[in-house]
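Start counting at 1 in the sequence shown, then tack on 288, and there's your number in our numbering. A quick write-up on the structure given underneath.
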Amino acid sequence: MTRLRALATVSLALALVVGTAGCAQISEVLNPSTGEELVGTTWSGTDSDGDVWGFEFQQGGGIGLTYNDGVYDDDSDRWTVENGQIAIAIAFESGPASLTGPYTRDTTTIDLEGEQGDATWTLTIEKD
289 MTRLRALATV SLALALVVGT AGCAQISEVL NPSTGEELVG TTWSGTDSDG
339 DVWGFEFQQG GGIGLTYNDG VYDDDSDRWT VENGQIAIAI AFESGPASLT
389 GPYTRDTTTI DLEGEQGDAT WTLTIEKD
């Protein structure tokens, strides 16, 4: 009987863990983020080419950018979150760049794929 009780306890604990994780995913599907929780936060990371990025998410979809040693805050640089995807558009002098990736409201890291012309890279940013 003790073995059966232990097995039942382990099964219940496993069901609770799986059920709780499932609720978080269901919440994101039923109430997807618009990204408003990003406003006022800063994120940073180094891309697959070794370039250092920093983002400050601003009200109204604007974004402040640090890129390597430069600091930029151009009105044409924008961000959006829609259907679980974040998109960031940056207007570099050498041409526009876009970064996209999956986003959920409680994340502390965002994996992005970047593209500028024929160049591509990956970038993982972490909340500062």
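Where is the CB? At the ideal position from N, CA and C, for every residue including glycine.
Checklist entry - CA-CA distance, Ile351 and Glu344? => result 6 Å
Handout entry: Burial state of Val369 (16 or more Cβ within 10 Å)
Key = buried
Throw me the rounded Cβ distance for the Tyr391 and Ser332 pair, which I believe falls under 8 Å. With a Cβ gap of about 16 Å, Tyr391 and Ser332 do not count as contacting.
Pull up the distance between the alpha-carbon of Gly349 and that of Gly328, whole angstroms please. 11 Å
Comparing C-alpha positions only, which one of Gly389, Tyr360 and Thr334 sits nearest to Glu381?
Tyr360
_Comparing C-alpha positions only, which one of Tyr355, Trp341 and Thr395 sits nearest to Glu325?_
Thr395
**Asked** So what does DSSP say about Cys311, is it helix, strand or coil?
**Response** Any answer about Cys311 is weak, because its pLDDT of 49 lies below 50 and its placement is not dependable; what the coordinates show is given next. When secondary structure is reduced to three states using DSSP, Cys311 falls in the helix class.
**Asked** Would you call Trp367 buried or exposed, if buried means 16 or more other Cβ atoms sit within 10 Å of its Cβ?
**Response** Buried is the call here.
Could you tell me whether the Cβ of Leu387 comes closer than 8 Å to any Cβ of chain C? Given the protein chain composition of this structure (a single chain), no chain C is represented.
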